[in-house]
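Residue numbers (our numbering): -10 to 668.
Beta carbons are placed, not taken as given, at the ideal position from N, Cα and C, and that holds for glycine.
Encoded structure:
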């Protein structure tokens, strides 16, 4: 249509035909006018104007419902090729509800062409289905002041994570598939931004020419009549005499044409003229109108001769429209924002426990799953075990950690903690082949959660036969799916423990038959990945390493035997000895027959820490370290966990004060409390 507005881009268009479709997004009038003006100013060298030049004036679509365009690549692709994937996100912000730490998400703008009720119904559906568990209330508070969809969150929720879940699973983030297809000379053409604007300018030039020609023709016709009237008024007496002397109208018209050299149109206009026009004032009006028309005719002819003036007319028309209808951009553009929602953005950073069995079943549970019990409790069922299977490790971690899995064959694999299947307390989990690309005959013997690969400097690896080596942690930052060699092993040895160290730590190695060796980490030089390592502790016959840990100032060494006996001993009771020595006794050897050989050992703090003990049959007990008495180095200790017949302790996990504090913040209602022993 011959409109002054660039309607195709201003209002957009959407439609489907046979074998083709168009989907042109709406734009801002002020920005379109600026882009068109730039093309007009460079019309003689318009081929040199690039899309990048135009994007400075028209950065992207402007949707009437507002929102945020994520990334600029989709916009640029649409403007260059005519097709593009524009990611549009609703506008939402996070508010603190109260001093208790609860938050709410308030949605104030939604994506283009999305119904508010549809969005609310989808969010409610996500809550019902359990996809988003942290929402406690959802309501629509929209009024004449604007939109307001309020989403209240539970106290334990992380608002940003919930917001990203809404972007991922609901239409709060959508994709606008731009397809700038239009009919040009009755042919469908896919237009770039520049082509669309140039076509608008050419169209306006054509309209201005046609309009001016029409106005010129009309003005010239009127001027022609006025010329005749002025001739008549100049000799009005003769004109009247001629008319009165004529027999009829036809004769009068002919006489006027011959006597005053008038055209038929002029003569007819004189005959049609009312007598009131003979007044002096009316005569002046005719003269003024004639002068005005003469000036207009001159301007019209000048406009038709000058393309420059025609282009200026386009600018003038646009300026008028901008002043009358222009407004500010409603849709923001975030050019550097991530277009796709990262998987980690949907995961809450929570404290968890990772467990793995001898047969390779793995799972994760929330760290608050196992409540704290007094020393001597019999624990709760933590695994549903099959025959000939037993739990091998129980590791505290966080869902966003990168978890390094070290196998008995000296290989290392990697996975994000949240990718480990979540299961109930009594579930056995899933085979680890669902998480790692591991050989079925290979067993995971060490699990190391890493929050930041710059946080620790080294990975210190210890084997069952007492070999030790240090490797830069950075060597494991990028582990291919098929795994990497972490340590070459002798045929009769297997990798057993891995700790993250700084290079300045003291290390403790504890053996099954009750020996403990403390030495400085610096006695083990850093090595490359395939190296076999050096002797860490020299073992006696029929002995093997069962525990490795880092010495902490003010800490205790906690040991637990297969039959559930244990104790804490101050680390000051373990003098430093050189690497490759046998160490000192940490329990009376005569007592091993009664309390069982040592099953596991960890360094703990005397107060504030908690430990989780797990048995081969999957029973789990959690208790505070201060409930376990401190004894001297060779004492046999007391019963920590009552063992069922034919069951043995296989692993312990330590929860530091920091771990516990973090869990309390995340799930205050699930934080383990001191309780009486119960099943």
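> Between the C-alpha atoms of residue 637 and residue 592, what's the straight-line distance to the nearest angstrom?
Replying inline: 21 Å
>> As a quick exercise: from 479, 542 and 206, pick the residue whose alpha carbon is nearest that of residue 496.
In response: 542
> What does a CB cutoff of less than 7 Å around residue 306 pick up in its chain, not counting 5 residues either side in sequence?
Replying inline: -7
>> I believe residue 382 touches residue 345 by the beta-carbon criterion, under 8 Å. Please report the beta-carbon distance rounded to the nearest angstrom.
In response: 5 Å
>> With H, G and I counted as helix, E and B as strand and the rest as coil, what does DSSP make of residue 524?
In response: strand
>> Once the 5 residues before and after residue 1 are set aside, which same chain residues still bring their CB inside 7 Å of it?
In response: 13, 14 and 15
> Hey, how far is the Cα of residue 231 from the Cα of residue 215?
Replying inline: 20 Å
> Rounded to whole angstroms, how far is the Cβ of residue 458 from the Cβ of residue 523, which I believe are closer than 8 Å?
Replying inline: 7 Å
> Can you give the Cα-Cα distance for residue 685 and residue 23, rounded to whole angstroms?
Replying inline: A query on residue 685 cannot be resolved here, the shown segment of the chain reaching from -10 to 668 and no further.
> Is the region 60 to 70 touching the region 114 to 121 in the sense that three or more CB pairs, one from each, lie closer than 8 Å?
Replying inline: no
>> As an exercise, report each continuous alpha helix (DSSP H) stretch of at least 4 residues that is fully enclosed by the region 8 to 40, in chain order.
In response: 18 to 30
> What are the boundary residues of the beta strand (DSSP E) that residue 536 is part of?
Replying inline: 534 to 539
> Any chance the region 237 to 252 sits against the region 264 to 283, with 3 or more Cβ pairs inside 8 Å?
Replying inline: no
> For the candidate residues 167, 408, 477 and 211, whose alpha-carbon lies nearest to that of residue 423?
Replying inline: 408
> Between which two residues does the beta strand (DSSP E) harbouring residue 165 extend?
Replying inline: 162 to 168
> With which residues is residue 77 paired in a DSSP beta bridge?
Replying inline: 58 and 163
>> Here's the rule: buried if 16 or more other CB atoms are within 10 angstroms of the residue's CB, otherwise exposed. What is residue 5?
In response: exposed
> Residue ranges of each alpha helix (DSSP H) run of no fewer than 4 residues wholly in the region 184 to 251, ordered along the chain?
Replying inline: 225 to 233 and 238 to 249
>> Rounding to the nearest angstrom, what Cα-Cα distance links residue 571 and residue 115 in this structure?
In response: 60 Å
> How about the region 172 to 185 and the region 153 to 161: do they share at least three Cβ pairs that are nearer than 8 Å?
Replying inline: no
> DSSP beta-bridge partners for residue 416?
Replying inline: Paired residue(s): none; residue 416 is not in a bridge.
> What do you get for residue 113, buried or exposed, if any count of 16 or more other CB atoms within 10 angstroms of its CB means buried?
Replying inline: exposed
> To the nearest whole angstrom, what separates the beta carbons of residue 494 and residue 521, a pair I think is in contact under 8 Å?
Replying inline: Rounded, the Cβ-Cβ distance is 22 Å, inconsistent with contact.
> From 293, 259, 309 and 209, pick the residue whose C-alpha is nearest to that of residue 281; which is it?
Replying inline: 209
> If we count the other Cβ atoms within 10 Å of its Cβ and call it buried at 16 or more, is residue 375 buried or exposed?
Replying inline: Per-residue confidence for residue 375 stands at a pLDDT of 49, beneath the threshold of 50, marking its modelled position as unreliable; the derived number appears in the next sentence. The residue in question, residue 375, is exposed, as its Cβ has fewer than 16 Cβ neighbours within 10 Å.
> Near residue 562, what residues of its chain come up, given a Cβ to Cβ distance below 7 Å and the 5 sequence neighbours on each side ignored?
Replying inline: 621 and 622
> For residue 579, is the classification buried or exposed, using 16 other Cβ atoms within 10 angstroms of its Cβ as the cut-off for buried?
Replying inline: exposed
> If we cut at 8 Å on Cβ distances, does residue 131 have a partner in chain D?
Replying inline: In the structure shown, chain D cannot be found, because there is only a single protein chain.
> Across which residues does DSSP place residue 591 in a beta bridge pair?
Replying inline: 547
> Within this structure, are the beta carbons of residue 219 and residue 275 separated by less than 8 Å?
Replying inline: yes
> From residue 166 to residue 73, what distance separates their C-alpha atoms?
Replying inline: 6 Å
> So does the region 94 to 108 actually touch the region 45 to 58, counting three or more Cβ pairs closer than 8 Å?
Replying inline: yes
> Distance, Cα to Cα, residue 33 vs residue 301?
Replying inline: 14 Å
> The alpha helix (DSSP H) with residue 450 in it runs from where to where?
Replying inline: First-last for residue 450: 447 to 452, but that is the beta strand (DSSP E), not the alpha helix (DSSP H).
> Terminal residues of the continuous beta strand (DSSP E) containing residue 311?
Replying inline: First-last for residue 311: 296 to 314, but that is the alpha helix (DSSP H), not the beta strand (DSSP E).
> For residue 321, which beta-bridge partners are listed by DSSP?
Replying inline: 57
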